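Asker: Quick note: the sequence shown uses numbering that gives the first Met the number 0, first residue 0, plus one each step.
Ideal Cβ placement from N, Cα and C applies to all residues, glycine included.
Just so it is clear, the structure is predicted and the values come from calculations on it, not from any experiment.
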Amino acid sequence: MNYEMVIGLEVHVQLKTQSKIFCSCSTTFGKPANENTCPVCLGMPGVLPVLNKEALQLAMKACLSTNCRITPMNRFARKNYFYPDLPKGYQISQFELPLGVGGYINIQTNGVKKKIGLTRIHMEEDAGKLIHGENLDSPDKSYVDFNRTGVPLVEIVSEPELRSGEEAREYLTQLKSILDYAEISDCNMEEGSLRCDANVSIRPIGQKEFGTRTEIKNLNSFKFVQKAIEYEVARQAKILDQGERVKQETRLYDSDRGETFPMRSKEEAFDYRYFPDPDLVPIIIDNAWVERILKTIPELPEQKRERFVSSYKIPEYDAGVLTSSKPLADYFEQCANQFPQPKIISNWIMGDLLRELKKDGKEIGECPVSPSEFVDLLKLIDSGTISGNIAKGVFEEMYQTQKPAGRIVEEKELT
Numbered sequence: 000m001n002y003e004m005v006i007g008l009e010v011h012v013q014l015k016t017q018s019k020i021f022c023s024c025s026t027t028f029g030k031p032a033n034e035n036t037c038p039v040c041l042g043m044p045g046v047l048p049v050l051n052k053e054a055l056q057l058a059m060k061a062c063l064s065t066n067c068r069i070t071p072m073n074r075f076a077r078k079n080y081f082y083p084d085l086p087k088g089y090q091i092s093q094f095e096l097p098l099g100v101g102g103y104i105n106i107q108t109n110g111v112k113k114k115i116g117l118t119r120i121h122m123e124e125d126a127g128k129l130i131h132g133e134n135l136d137s138p139d140k141s142y143v144d145f146n147r148t149g150v151p152l153v154e155i156v157s158e159p160e161l162r163s164g165e166e167a168r169e170y171l172t173q174l175k176s177i178l179d180y181a182e183i184s185d186c187n188m189e190e191g192s193l194r195c196d197a198n199v200s201i202r203p204i205g206q207k208e209f210g211t212r213t214e215i216k217n218l219n220s221f222k223f224v225q226k227a228i229e230y231e232v233a234r235q236a237k238i239l240d241q242g243e244r245v246k247q248e249t250r251l252y253d254s255d256r257g258e259t260f261p262m263r264s265k266e267e268a269f270d271y272r273y274f275p276d277p278d279l280v281p282i283i284i285d286n287a288w289v290e291r292i293l294k295t296i297p298e299l300p301e302q303k304r305e306r307f308v309s310s311y312k313i314p315e316y317d318a319g320v321l322t323s324s325k326p327l328a329d330y331f332e333q334c335a336n337q338f339p340q341p342k343i344i345s346n347w348i349m350g351d352l353l354r355e356l357k358k359d360g361k362e363i364g365e366c367p368v369s370p371s372e373f374v375d376l377l378k379l380i381d382s383g384t385i386s387g388n389i390a391k392g393v394f395e396e397m398y399q400t401q402k403p404a405g406r407i408v409e410e411k412e413l414t
């Protein structure tokens, strides 16, 4: 390929609050349409927004967990555009004074480590959801569910420093892991708690100037982000090879066809006519407040990976797999505290345990074999009571029946 990819990601993350950002309506997912609404989030005349302090503190936590600097004064702005799911005719967001700036996330692909800069993290409210007629009883109509309107979000904007679909996927994996560890969001992509827009352009190798970019909106899985970027890069390369120019536009990704298609022409900041929201005062954040939030941040995945390598003497690859989610890391540590042979534990978790969970589509939190029961099986191997091959069959039966290892060995006379 004669071109270099230039990719920047905008990730919208729903904050883990019980109520919305400017009113007391519930953020519970799955309620009947328009049940989680009130005059404030429906934009009725005469209402005033009041900032949710917990949402602000979770947003600060997101900034600090991704190495951003908290701006001492930040404020909300009105982003004006007209769409059926935006009841006020504007979205309350942040523009020239965002909450956090200048952070970074470390990634690793094909053994190469790389630091991806973050331009900014800002707070905003979510819009509603359009439901089109093919899903209802009137195929020629669309309906609006305002339950999501006013749900608190942070938008995390990366620098255009990603150079492949694989790097983009790894960046999202690391970001999701950080947000999960710090309990900032549940990151449930199926429920829309984490959504991604990808800005993609290409340029001839060696050229410094950026090419014309397109934005791919509302990608809701890491796999689709990578595939959409790879398709879009190939599409733009074909256009340039034919001597034509890439249009700056917003596109959507059709996962069934594996293609992007035009949605609308790309807006610029001036199209939204941003101005400071007169109903919300600027937010002043002092160092003492920042220090209090810092104390609430737990050990994050990168720190935990490094500790697993140094303390448990396991390979970096193992540590990366085991710390990919906090519940999995906790499971490993509970086992290691009872059975001080971490490499053996790591092999069994990464092999048999994760294979069974993947087969059933379950997370580690749903595992029917507890850490202590898992350790009991490993102790039977260690004592020579059963062989490693026999233990594999015993584990499968433990997983399916929830029987302890010792009873299975005894009942089947496997000693």
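Should the stretch 4 to 11 be called in touch with the stretch 149 to 165, which here means at least 3 C-beta pairs below 8 Å?
Answerer: Touching, per the Cβ criterion.
Asker: Taking the alpha carbon of Phe-223 as the point to measure from, which residue in Tyr-180, Ala-197, Glu-332 and Arg-354 has its own alpha carbon closest?
Answerer: Checking every option, the nearest Cα to that of Phe-223 belongs to Ala-197.
Asker: Where does the unbroken alpha helix (DSSP H) through Arg-119 begin, and where does it stop?
Answerer: No alpha helix (DSSP H) holds Arg-119; the beta strand (DSSP E) holding it covers 111 to 124.
Asker: Under DSSP, the beta strand (DSSP E) around Ser-264 begins and ends at which residues?
Answerer: Counting along the chain, the beta strand (DSSP E) containing Ser-264 begins and ends at 258 to 264.
Asker: Distance check for Val-39 and Leu-47, CA to CA, integer angstroms please.
Answerer: Those two C-alpha atoms are separated by around 7 Å.
Asker: According to DSSP, is Met-4 helix, strand or coil?
Answerer: In this structure, Met-4 counts as strand in the three-state DSSP scheme.
Asker: Can you pull the DSSP bridge partners for Pro-151?
Answerer: Beta-bridge pairing links Pro-151 to Glu-124.
Asker: In angstroms, rounded to a whole number, what distance separates the CA positions of Ile-115 and Lys-175?
Answerer: About 15 Å.
Asker: Any idea what DSSP makes of Pro-48, helix, strand or coil?
Answerer: Residue state, collapsed to three classes: coil.
Asker: Among the candidates Ser-324, Asp-375 and Lys-358, whose CA atom is the shortest distance from the CA of Ile-344?
Answerer: For Ile-344, the nearest C-alpha among the options comes from Asp-375.
Asker: When burial is assigned at 16 or more other CB atoms within 10 Å of the CB, is His-131 buried or exposed?
Answerer: His-131 should be labelled exposed.
Asker: For Pro-314, report the span of its alpha helix (DSSP H) as first-last.
Answerer: No alpha helix (DSSP H) holds Pro-314; DSSP gives it neither H nor E.
Asker: Closest to Asp-351 by CA distance: which of Asn-388, Ile-69, Gln-247 and Val-199 is it?
Answerer: Ranking the options by Cα distance to Asp-351, first place goes to Asn-388.
Asker: Return the CA-CA distance between Lys-402 and Gly-392, expressed in angstroms with no decimal places.
Answerer: So the two alpha carbons sit approximately 13 Å from each other.
Asker: Just checking my contact of Pro-151 with Met-122 at CB under 8 Å: how many whole Å lie between their CB atoms?
Answerer: The pair is a contact, with the Cβ atoms about 7 Å apart (cut-off 8 Å).
Asker: Using a Cβ-Cβ cut-off of 6 Å (strictly less than) and excluding sequence neighbours within five positions of Glu-499, which residues of its own chain qualify?
Answerer: Lying outside 0 to 414, the shown extent of the chain, residue 499 is not represented and no answer is given.
Asker: By the 10 Å Cβ neighbour count, where 16 or more other Cβ atoms means buried, how is Ala-58 classified, buried or exposed?
Answerer: Label assigned to Ala-58: buried.
Asker: Between Asn-51, Asn-1 and Gln-56, which lies nearest to Ala-287 when the distance is taken from Cα to Cα?
Answerer: With distances taken between Cα atoms, Ala-287 lies closest to Gln-56.
Asker: Please state whether DSSP places Cys-37 in a helix, a strand or coil.
Answerer: DSSP places Cys-37 in coil when its eight states are reduced to three.
Asker: Excluding sequence positions up to five away, which residues of its chain have a Cβ less than 8 Å from the Cβ of Pro-370?
Answerer: So the list reads Tyr-330, Gln-333, Cys-334 and Gln-337, once near-sequence residues are dropped.
Asker: Please state the DSSP three-state secondary structure of Glu-305.
Answerer: Here Glu-305 sits in helix by DSSP.
Asker: Can you give the Cα-Cα distance for Ile-313 and Thr-384, rounded to whole angstroms?
Answerer: Cα to Cα, Ile-313 sits roughly 26 Å from Thr-384.
Asker: Spatial neighbours of Leu-327 within its chain, please: C-beta separation below 7 Å, excluding the five flanking residues on both sides.
Answerer: Same-chain partners within the cutoff: Leu-321 and Ile-363.
Asker: With distances taken Cα to Cα, identify the nearest neighbour of Glu-3 among Gly-210, Thr-400 and Lys-411.
Answerer: Of the listed residues, the one whose Cα sits closest to Glu-3 is Gly-210.
Asker: If you count every other CB in all the chains shown that lies within 10 Å of the CB of Leu-293, and 16 or more means buried, which is it?
Answerer: The residue is exposed, with fewer than 16 neighbouring Cβ atoms inside 10 Å.
Asker: Ignoring anything shorter than 3 residues or poking outside the stretch 201 to 225, list the beta strand (DSSP E) runs there in chain order.
Answerer: Taking only runs of at least 3 residues, the beta strand (DSSP E) segments lying wholly in the stretch 201 to 225 are 213 to 218.
Asker: On the CB-based measure, 16 or more other CB atoms within 10 Å of its CB, does Gln-13 come out buried or exposed?
Answerer: Under this definition Gln-13 is a buried residue.
Asker: On a Cα-Cα basis, can you pick out the residue from Glu-412, Leu-413, Lys-411 and Asn-1 that is closest to Gly-205?
Answerer: Of the listed residues, the one whose Cα sits closest to Gly-205 is Asn-1.
Asker: Of the residues Leu-98, Asn-79, Lys-112 and Val-280, which one's Cα is nearest the Cα of Leu-63?
Answerer: Here the closest residue by C-alpha is Leu-98.
Asker: Express the C-alpha separation of Thr-148 and Pro-31 in angstroms, rounding to a whole number.
Answerer: Cα to Cα, the separation comes out at about 14 Å.
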